[in-house]
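*Asks:* Protein chains in written order, with our numbering: chain A, 471 to 584; chain B, 5 to 116. The beta-carbon is built from N, C-alpha and C at its ideal position, and this holds for glycine as well.
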Amino acid sequence: GAGVSQSPSNKVTEKGKDVELRCDPISGHTALYWYRQRLGQGLEFLIYFQGNSAPDKSGLPSDRFSAERTGESVSTLTIQRTQQEDSAVYLCASSRTGRGNEQFFGPGTRLTVL
Amino acid sequence: DQQVKQNSPSLSVQEGRISILNCDYTNSMFDYFLWYKKYPAEGPTFLISISSIKDKNEDGRFTVFLNKSAKHLSLHIVPSQPGDSAVYFCAASADYGQNFVFGPGTRLSVLP
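#1: Hey, is leucine 115/B's beta-carbon within less than 9 Å of any beta-carbon in chain A?
#2: Which class does glutamine 554/A belong to by DSSP, given the choice of helix, strand or coil?
#3: Between the alpha carbons of leucine 491/A and alanine 90/B, how many angstroms are there, rounded?
#4: So, with DSSP's three-state summary, where would you put aspartate 88/B?
#5: Taking DSSP as the reference, what is the three-state secondary structure of threonine 49/B?
#6: For the beta strand (DSSP E) containing asparagine 103/B, name the first residue and the last one.
#7: Give me the chain B residues within the contact set of glutamate 572/A, using Cβ-Cβ distance strictly less than 8 Å, ordered along the chain.
#8: Mind checking the region 496–523 of chain A against chain B and listing, in chain order, the residues whose C-beta falls within less than 7 Å of any C-beta there?
#9: Beta-carbon within less than 8 Å of glycine 473/A's beta-carbon, same chain only, minus the 5 sequence neighbours each way: which residues are those?
#10: Leucine 561/A touches chain B at which residues, Cβ-Cβ below 9 Å?
#11: Under a three-way DSSP split, which group does serine 528/A fall into?
#12: Tell me the residue span of the beta strand (DSSP E) that contains arginine 585/A.
#13: Which residues in chain A have a C-beta closer than 8 Å to the C-beta of glycine 109/B? List them in chain order.
#14: At a CB-CB cut-off below 8 Å, which residues of chain A make contact with phenylalanine 93/B?
#15: May I have the straight-line CA-CA distance separating isoleucine 52/B from glutamine 10/B, to the nearest angstrom?
#16: Quick one: is valine 544/A near chain B, going by C-beta distance under 9 Å?
#17: Considering only C-alpha positions, which residue in the set Trp39/B, Ser84/B, Ile81/B and Asp59/B is nearest to serine 73/B?
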């Protein structure tokens, strides 16, 4: 497909377990973003990758959160020792460049921490 | 402290009438604004943008107005259609679109 894809679409895990969420951006998009949307709240910026530059990790809520991106392709968001407050929809977006370009969002991964 | 606010969590409008969605921001450094539309179980999709050098941008039925002195922007949809029923997010950037701060969203229901 031509859009941003994310997997899994749903993830249920137990408190304390690690989870890994995957994002496949649109081919050719150099910028990739991760956001989190908790129930009833807006999109919360987590991390931004742009080409080979150092990622902007300013939105990561704690050191339990980390993300990797291989070149200009797949990205994984890892949450270690999950807590119940990590329950949210995690959205990935990509754009052609990092500035002034609309972001194309994936469908999100709904994470539920029991 | 929310930098981008959408004070109406929901809005209902009759089909054919105008929908006005409002967004207020606190950071005077914001220079680029977007509106996204989100249907259930889907990611947000880009709708329309405006940079701080303009006060209006129009695209078909959608018009965004920016009032920098009031730190306020609004999205007008005319005429509203039932397919416009969705959650609308306002987003703002202080570095011309590198990082965005999103509002909490307004759920629009267009009644047939």
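*Replies:* Reading from the atomic positions:
#1: Taking the first residue of the second sequence as 1, we reach residue 115/B at position 111. It does not; no Cβ of chain A falls within 9 Å.
#2: Numbered from its first residue, the first sequence carries residue 554/A at position 84. Looking at glutamine 554/A - three-state DSSP - the assignment turns out to be helix.
#3: For the purposes of this step, residue 491/A is taken as the residue at position 21 of the first sequence. For the purposes of this step, residue 90/B is taken as the residue at position 86 of the second sequence. C-alpha separation (whole angstroms): 26 Å.
#4: Against the second sequence, residue 88/B aligns to sequence position 84. Helix, per DSSP.
#5: The count along the second sequence starts at 1 and reaches residue 49/B at position 45. Threonine 49/B: strand per DSSP, three-state reduction.
#6: As a working note, residue 103/B is residue 99 in the second sequence. Boundaries cannot be given for asparagine 103/B, as no beta strand (DSSP E) includes it and DSSP labels it neither H nor E.
#7: Within the first sequence, the letter at position 102 stands for residue 572/A. Residues of chain B passing the Cβ test: Leu38, Phe50 and Ser53.
#8: Cβ contacts with chain B: Gln511, Gly512, Leu513, Phe515 and Tyr518.
#9: To locate residue 473/A, count along the first sequence from 1; it is residue 3. Counting only Cβ-Cβ distances below 8 Å, and skipping sequence neighbours, we find Ile496, Phe574 and Gly576.
#10: As a position in the first sequence, residue 561/A is number 91, starting the count at 1. Simply Gly47 and Pro48.
#11: Here residue 528/A refers to the residue found at position 58 of the first sequence. In this structure, serine 528/A counts as coil in the three-state DSSP scheme.
#12: In the structure displayed, chain A extends from 471 to 584; residue 585/A sits before or after that span and is not available.
#13: Sequence index remark: in the second sequence, residue 109/B carries index 105 (1-based). Within chain A, the residues near glycine 109/B are Gly512.
#14: If you number the second sequence from 1, residue 93/B lands on position 89. Near phenylalanine 93/B (Cβ distances below 8 Å), the residues of chain A are Gly512 and Leu513.
#15: Counting from 1 along the second sequence, the entry for residue 52/B is found at position 48. Counting from 1 along the second sequence, the entry for residue 10/B is found at position 6. In this structure, the alpha-carbon of isoleucine 52/B lies about 17 Å from that of glutamine 10/B.
#16: The residue given as residue 544/A occupies position 74 in the first sequence. Taking Cβ atoms only, chain B never reaches closer than 9 Å to valine 544/A, which makes this a no.
#17: Here the question's residue 73/B lines up with position 69 in the second sequence. Minimum Cα distance to serine 73/B is reached at Asp59/B.
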